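Per the working numbering, the sequence shown starts with residue 1, numbered consecutively.
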Amino acid sequence: MSDNSSNQMWGGRFAAGPDAIMEAINASIGFDKRLAAQDIAGSRAHAAMLAATGIISDSDAEAIREGLLTVLSEIEGGTFEFSTALEDIHMNVEARLKEVIGEPAGRLHTGRSRNDQVATDFRLWVRDQVDAAESGLLALIRALLVQAEAGADWVMPGFTHLQTAQPVTWGHHMMAYVEMFGRDLSRMRDARARMNESPLGAAALAGTGFPIDRHMTAQALGFDRPMANSLDAVSDRDFALEFLGAASICAMHLSRFAEELVIWSSAQFRFVTLSDRFSTGSSIMPQKKNPDAAELIRAKIGRIFGANVALMMVMKGLPLAYSKDMQEDKEQVFDAADNLMLALAAMEGMVRDMSGNRAQLEAAAASGFSTATDLADWLVRETGLPFRDAHHVTGALVALAEKKGCDLPDLSLSDMQAVNAKITEGIFDVLTVHKSVASRTSYGGTAPEQVRKQVARWKEILA
Ligand code: ARG
1 MSDNSSNQMW GGRFAAGPDA IMEAINASIG FDKRLAAQDI AGSRAHAAML AATGIISDSD
61 AEAIREGLLT VLSEIEGGTF EFSTALEDIH MNVEARLKEV IGEPAGRLHT GRSRNDQVAT
121 DFRLWVRDQV DAAESGLLAL IRALLVQAEA GADWVMPGFT HLQTAQPVTW GHHMMAYVEM
181 FGRDLSRMRD ARARMNESPL GAAALAGTGF PIDRHMTAQA LGFDRPMANS LDAVSDRDFA
241 LEFLGAASIC AMHLSRFAEE LVIWSSAQFR FVTLSDRFST GSSIMPQKKN PDAAELIRAK
301 IGRIFGANVA LMMVMKGLPL AYSKDMQEDK EQVFDAADNL MLALAAMEGM VRDMSGNRAQ
361 LEAAAASGFS TATDLADWLV RETGLPFRDA HHVTGALVAL AEKKGCDLPD LSLSDMQAVN
421 AKITEGIFDV LTVHKSVASR TSYGGTAPEQ VRKQVARWKE ILA
């Protein structure tokens, strides 16, 4: 609600208060209250520095720092009354501080601006999200490793174009996601290292004439150093974009895996059984067990990538330094972060609980002429045929099996020899799916021994 008095924090030159619509479009308190803890941490560090540099007295700093803790406990306890007229979290906190401690509160804003304040708060908040994403990714990777180790030698069809290609191992498939989520983890870590510089003390845009110590506040807030350019410090949001970029790629990986779980849990595939804890029923079809968690994870990429695009659009045309457009940086990032964490946790739960249907996986692996490549390779190795010719002979054998309505190992030796006279009994050795996967021993290949090596490597990395 606006009355017609001017703003108590910046209204010195204003005769009248804002229109209600102005207040509604201007206020960010509805969402930036999520930055309360970061805002208060930043202010406490700033107050301590102001006293250490002799800019304010020790007793004022002490009153400010204590008062801020009172305000924080009011916010955390849910008794704090947020005011739209006070626009944002920064002014809400400062105004309440004034009520709690009186006059010294007015000294807190010396040598800083809301511009460096919000940049600092938001960096601290995003940094926490990067840390949360890191824990979520680590938990997911651990769950995948358990699956990979248990099923290092289970055979399943490997697909290209979603058509049966070659047999692979369950462990190998799980480890493919470990690699992807491992890169997501390193992207988060890279982003964290780059964002971990303090904007505080950049003030409005130009720095300040007060003898502040930016190194001291940077250190107090766990930053590696102060940002080196005050214009840059208040006006870039690339740290949030890097987080959203890494989050988008991670969500894309989650979405692909979710898609596989949707397919795999269908009655037609039956590759996995998802737990009741991560499935839902249908209100009309009693037989249904739906993979809703996987479907929702698959859908989350939209809003996370949407946030990335939205913030890019907010930033792309802004001249230096701060513009109010940048207030639009937060909601999308909040939403993206919340949904990324939820998706990571749900995926971890699904992976932890799911059981691969070993027999069904193996049966599926053997169908669809999945060992045709092994047959061609055998022809090259044992008969000296060039690979291109071997490919051709194998194609003819596949066509023959298709005509007879059987799989490759079901063809008789004489059937095979009618296609190529050099074929011997030995060919049947390579046509089983277990032989097939066991033979793929190249580094990074699907052979159980290779999978176990990769599991061991990751366990070492995580130890
Ligand atoms: N609520 C503002 C934001 O989120 C804080 C910074 C306001 N700065 C200003 N000069 N009006 O960006």
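Where a beta carbon is used, it is the ideal one built from N, C-alpha and C, also for glycine.
From a predicted model like this one, the values you see are computed outputs, not experimental measurements.
Cross-strand partners of residue i (DSSP beta bridge)
i: GLN8; result: Looking at the DSSP assignment, GLN8 forms no beta bridge with any residue, so it has no partner.
i: GLN166; result: GLY158
i: THR280; result: ASN290
i: ARG225; result: GLU197
i: GLY356; result: VAL272
Enclosing alpha helix (DSSP H) for residue i [first to last residue]
i: PRO448; result: 448-462
i: GLN332; result: 330-353
i: GLY182; result: 170-195
i: LEU400; result: 387-404
i: ALA204; result: Where ALA204 is concerned, there is no enclosing alpha helix (DSSP H), given that its DSSP letter is neither H nor E.
i: ARG381; result: 372-383
i: THR120; result: 114-150
i: LEU413; result: 413-419
i: GLN38; result: 36-52
i: THR217; result: 214-220
i: SER230; result: 230-235
i: ASP32; result: 29-32
i: THR467; result: Here the chain covers residues 1 to 463 and nothing more, so residue 467 does not appear.
i: ASP88; result: Neither: ASP88 is in no alpha helix (DSSP H) and is coded neither H nor E.
i: ARG65; result: 58-77
i: ASP238; result: 238-264
i: ILE55; result: Taken as a continuous stretch (DSSP letters only), ILE55 belongs to no alpha helix (DSSP H), as it is neither H nor E.
i: ILE427; result: Run containing ILE427: none; DSSP gives neither H nor E here.
i: ALA20; result: 20-26
Integer Cβ distance of residue i from residue j, believed to fall under 8 Å
i: ILE29; j: ASP116; result: Not a contact, Cβ separation roughly 19 Å.
i: ALA202; j: SER230; result: 4 Å
i: LEU108; j: HIS46; result: 7 Å
i: LEU340; j: ALA150; result: In fact, because the Cβ distance is near 27 Å, the residues do not count as touching under 8 Å.
i: VAL393; j: ASN420; result: 5 Å
i: PHE31; j: GLU331; result: 5 Å
i: LEU69; j: MET9; result: Not confirmed; about 21 Å, so no contact.
i: SER255; j: ILE297; result: 7 Å
i: LEU274; j: MET156; result: Not a contact, Cβ separation roughly 16 Å.
i: VAL93; j: ALA36; result: 7 Å
i: LEU200; j: THR120; result: 4 Å
i: ALA220; j: LEU261; result: About 45 Å separates the two Cβ atoms, so there is no contact after all.
i: VAL234; j: VAL437; result: That belief does not hold up - the Cβ atoms of VAL234 and VAL437 are roughly 57 Å apart, past 8 Å.
i: ARG65; j: ALA48; result: 7 Å
i: ASP338; j: VAL314; result: Rounded, the Cβ-Cβ distance is 19 Å, inconsistent with contact.
i: LEU137; j: LEU185; result: 5 Å
i: VAL433; j: ALA152; result: Not really, about 15 Å apart at Cβ, beyond 8 Å.
i: ILE40; j: GLY111; result: Their Cβ separation, rounded to whole angstroms, is 18 Å, which puts ILE40 and GLY111 out of contact at 8 Å.
i: SER367; j: THR164; result: 7 Å
Among the options, nearest to residue i - alpha-carbon criterion
i: LYS300; options: SER265, TYR322, MET347, LYS330; result: MET347
i: ARG352; options: VAL455, ILE141, MET188, HIS391; result: ILE141
i: ILE304; options: SER355, GLY317, GLU242, ALA359; result: GLU242
i: ALA372; options: GLY349, LEU361, GLU402; result: GLU402
i: GLY302; options: ILE284, LYS404, ASP335; result: ASP335
i: GLN166; options: GLY12, GLY445, ALA143; result: GLY445
i: VAL398; options: MET416, PHE223, CYS250; result: MET416
i: PHE159; options: VAL309, VAL430, ALA61, PHE369; result: PHE369
i: ALA418; options: HIS173, ALA396, PRO104, ALA365; result: ALA396
i: PHE223; options: ILE212, ASP232, ASP238, ARG194; result: ARG194
i: VAL130; options: LEU244, ALA307, ARG114, PHE210; result: LEU244
i: ASP276; options: PHE82, LEU320, GLY349; result: GLY349
Residue-level contact to chain C via CB, residue i, 9 Å cutoff
i: LEU68; result: Any reference to chain C falls outside this structure, which holds one protein chain only.
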